[in-house]
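**Student:**
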Amino acid sequence: MSAEQDTAFSEAQYLQIYPDGVEHHFWHRARGAILLRYVGRYRAEPLLEIGAGRGLVLAAFRRRGWQAEGVELSITSPRWPDLPIRYGEDAFALPQEERARYCAVGLFDVLEHLPDRVAFLRELRSRFPALRYLYLTVPSPPDLWSNYDVFCGHYLRYDIPTLKEELTLAGYRVLEVRYFFHSLYWVMWAVLRFKGHRSEAIPAPRGLAKLWHRGLGSFFVWESALLPPTWRGTSLLAIAQPLFT
Numbered sequence: 057m058s059a060e061q062d063t064a065f066s067e068a069q070y071l072q073i074y075p076d077g078v079e080h081h082f083w084h085r086a087r088g089a090i091l092l093r094y095v096g097r098y099r100a101e102p103l104l105e106i107g108a109g110r111g112l113v114l115a116a117f118r119r120r121g122w123q124a125e126g127v128e129l130s131i132t133s134p135r136w137p138d139l140p141i142r143y144g145e146d147a148f149a150l151p152q153e154e155r156a157r158y159c160a161v162g163l164f165d166v167l168e169h170l171p172d173r174v175a176f177l178r179e180l181r182s183r184f185p186a187l188r189y190l191y192l193t194v195p196s197p198p199d200l201w202s203n204y205d206v207f208c209g210h211y212l213r214y215d216i217p218t219l220k221e222e223l224t225l226a227g228y229r230v231l232e233v234r235y236f237f238h239s240l241y242w243v244m245w246a247v248l249r250f251k252g253h254r255s256e257a258i259p260a261p262r263g264l265a266k267l268w269h270r271g272l273g274s275f276f277v278w279e280s281a282l283l284p285p286t287w288r289g290t291s292l293l294a295i296a297q298p299l300f301t
């Protein structure tokens, strides 16, 4: 099985939802900060991000001092050319001695693209023998399914029971799972309820809009720390540990 079966975006798709400057968007600002807050409790290095895309998450980890690298099946232009991302490569096809180096793997909005997620997670566990932690984010919940998910090639949007079930069936112990972007859930619910669809493009903020996005990103970071993790949000974060037999 390919490590990124059916996850490869075209260059046009990447530039539509990850244009240059999108790192200033509140969603990316907040997601990076929230990830680092919770994943930092289970820090293991080196980290391999599978499905690294243009490198937005990888850059956030490296700015925080993580020893982190990425691999991406697609051929696209990295946001920062000096990031250690190997494009056009399958993580499962890396040399065995290299796969044995990694103590953590990140799958950030990747799992939902796969038709057989349990089989993929099982193979991940077997291909990375030194794996201590798996870090994941996925879109949620199912009632926010929209044209955007179709455009992105998603098979599903998750809820907590579904994500925990897939990880457990694949041979992992779930250490932590939580929703985030809680308030955004209600915004997206209203958009889909009254418009019936959402935009398939994510514009990069420019000029003074960056200040607004900075503030909004900070709001969502604080929200994730203050609200219960089981309250619905538009994203789910999970940290899991492989059970080797």
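This note's numbering puts the sequence shown at residues 57 to 301.
For every residue, glycine included, the Cβ atom is placed at its ideal position computed from N, Cα and C.
All values derive from a computational prediction rather than experimental measurement.
So, at 8 Å on beta carbons, what are the nonlocal neighbours of L150 in its own chain, with the 5 sequence-adjacent residues on each side left out?
**Tutor:** Same-chain partners within the cutoff: V127.
**Student:** Quick one: Cα of G227 to Cα of A294, how far?
**Tutor:** Whole-angstrom Cα-Cα distance: 14 Å.
**Student:** Distance check for T290 and P197, CA to CA, integer angstroms please.
**Tutor:** Approximately 6 Å, taken between the alpha carbons.
**Student:** If you pair each beta-carbon of the region 151–168 with each one of the region 206–214, do three or more pairs fall below 8 Å?
**Tutor:** Touching, yes.
**Student:** Could you give the residue range of the beta strand (DSSP E) that holds S291?
**Tutor:** Here the beta strand (DSSP E) through S291 covers S291 to P298.
**Student:** If we ignore side chains and look at the alpha-carbon of each, how far apart do Y158 and L231 end up?
**Tutor:** If you take the alpha carbons of Y158 and L231, they lie about 19 Å apart.
**Student:** Determine whether the beta carbon atoms of I141 and A108 lie at a separation below 8 Å.
**Tutor:** Going by C-beta atoms, I141 is nearer than 8 Å to A108.
**Student:** Which full runs of the beta strand (DSSP E) of 3+ residues lie inside the region 77–161, going along the chain?
**Tutor:** Runs found: 103–106, 124–128 and 141–143.
**Student:** Quick one: grab the DSSP three-state call for T286.
**Tutor:** Residue state, collapsed to three classes: coil.
**Student:** Mind reading off the beta-carbon distance from Y189 to Y94? Whole number of angstroms is fine, and I expect it under 8 Å.
**Tutor:** Between Y94 and Y189 the Cβ distance is about 11 Å, and since that is not below 8 Å, they are no contact.
**Student:** Alpha carbons only, please: which of T218, R229 and L91 is nearest the one belonging to L163?
**Tutor:** For the residues T218, R229 and L91, the minimum Cα distance to L163 belongs to L91.
**Student:** Please confirm whether R213 and L200 have their CB atoms less than 8 Å apart.
**Tutor:** Yes, these two residues count as a Cβ contact at 8 Å.
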